Amino acid sequence: MGDANEPFAQKTELGWSIIGAANPHLDRQGSQSYVHRVAVRELPVPLATDVLRVLESDFSEKNSEGKYVSQDDVRFIQLLSENIQQKEDGHLEMPLPFRGSNPPLLPNNKKLATIRLQHLKKKLKANQQLYDHYTTFMEDVIDNGDAELAPEALAGGIVWYIPHHGVYHPKKPGKLRVVFDCSAKFRSISLNDTLLTGPDLINSLVGVLLRFRKEAVAIICDIERMFHQFLVTPEHRTYLRFLWWEHGDLDHEPKEYQMAVHLFGAASSPGCANFGLKYLAQQHKARYPTAASFVENSFYVDDGLYLIEQFWSRWKKEYLLNISTRQKWHVARPNLKGRQGGAQLSTQRGLAQAWGSIDPTPHM
């Protein structure tokens, strides 16, 4: 390509290159060279130990001896231990574990929450499916008593509003969870900045899995809406205000609500929920030792995996009396499943593992 004494192009396996003087009329002192170099090397084949190390990273565990308790953790435990109480309906009520000795003096951030709500309104109007799922979720929260209409704020009183948005489950496209953004900052501070997270009270994942499926009868369960099972003391609910339209009517002005439970999105909620779970087990350990051991040692966050040696000797009579309604227990022995009146063998999921009723080997 090009006439005589002009640069020409040459195509190689690495692409095109131009050879020749860029400007023969340019008077240069000395000579200049531009070198573009490509280095090629063969990557080493990964060893089996390297592959195993990567696979085991999902189950990295630390010995309890290596754990330490900070002063904040001590305050967290002390605060909840002194203020936790059980309501008449059995639910536990705990305060928000603030870092300071007194509740923080947060600025009124209603302006921020209003702006975020207007952005949400545009999305809801543009997407009917999102609107339906969002409204259903919020109405369930309100109808269940997890949220309530907020009382009128006192002049100069402390209030804090939490923006919220929806997130779809990656494996369940039709399941939406409304997340409350407790990390949203206003004037350089957020609600999460003021909360203690507490010590790590979660059981060892490897320990829970290794203890599972040792006996004949395997029990898998989870706690529905785990954080929402624990109430917040009334005086702290003013920090959990949010804006929403009554019955999802976007044409009316939004109303002020406040959460009555520990919510998904607060930095303190996992610690409070795990503390409450273990507290409940301790309170009833003398009367229900087996159940207390199950709750204390065989739960990983909200998933419980447990074993019992015998099923029929304990629950045979109750099962026979309620055979039409008891259809959600799963065992590892087919001869027991055959007594369920034709119920099909199935595969259940627990802790992101699939467990077969016949083959007890876990798989993803």
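Using full-length UniProt numbering, the letters of the sequence shown correspond one by one to residues 1 to 364. Cβ coordinates follow ideal geometry from the N, Cα and C atoms, glycine included. Small disclaimer: the values here were computed from a predicted structure and weren't measured.
| query | result |
| --- | --- |
| Throw me the rounded Cβ distance for the Leu120 and Phe180 pair, which I believe falls under 8 Å. | Their Cβ separation, rounded to whole angstroms, is 12 Å, which puts Leu120 and Phe180 out of contact at 8 Å. |
| Can you name the start and end residues of the alpha helix (DSSP H) that Val141 belongs to? | 128-143 |
| Pop quiz: Gly166 and Tyr134 are said to be a contact at Cβ under 8 Å. What is the actual Cβ separation, rounded to whole angstroms? | 5 Å |
| Can you give me the start and stop residues for the alpha helix (DSSP H) that Val74 sits inside? | 71-83 |
| Let's test the definition: count the other Cβ atoms within 10 Å of the Cβ of Val45 and tell me whether it reaches 16, buried, or not, exposed. | exposed |
| If contact is defined by three or more beta carbon pairs under 8 Å, each pair taking one atom from either stretch, is the stretch 289-300 in contact with the stretch 190-210? | yes |
| Measure the CB-CB distance between Pro266 and Leu176 and report whether it falls below 8 Å. | Note on residue identity: the sequence assigns Ala, not Pro, to residue 266. Not closer than 8 Å, so no. |
| If you reduce the DSSP assignment to three classes, tell me which class Arg225 lands in. | coil |
| Could you check whether the stretch 267-277 touches the stretch 227-239, counting it as contact only if at least three pairs of C-beta atoms, one from each stretch, sit closer than 8 Å? | yes |
| Does DSSP put Pro104 in a helix, a strand or coil? | coil |
| On a CA-only basis, which of Phe186, Lys255, Leu243 is nearest Asn109? Give me that one, please. | Phe186 |
| Hey, which unbroken runs of the alpha helix (DSSP H) at 4 residues or more fall wholly within the stretch 272-305? | 289-297 |
| From what residue to what residue does the alpha helix (DSSP H) around Leu209 run? | 205-211 |
| Contact between the stretch 142-159 and the stretch 236-246: three or more CB pairs below 8 Å? | yes |
| Who are Arg241's beta bridge partners in DSSP? | Tyr161, Gln258 |
| Drop a sphere of 10 angstroms on the beta-carbon of Val74, count the other beta-carbons inside from all chains shown, and report buried for 16 or more, exposed for fewer. | exposed |
| According to the neighbour-count rule (16 or more other Cβ atoms, all chains shown, within 10 Å of its Cβ), is Arg41 buried or exposed? | exposed |
| In or out: Asn322 buried (at least 16 other Cβ within 10 Å) or exposed? | Its pLDDT being 44, under 50, Asn322 is placed unreliably by the model, and nothing is read from it. |
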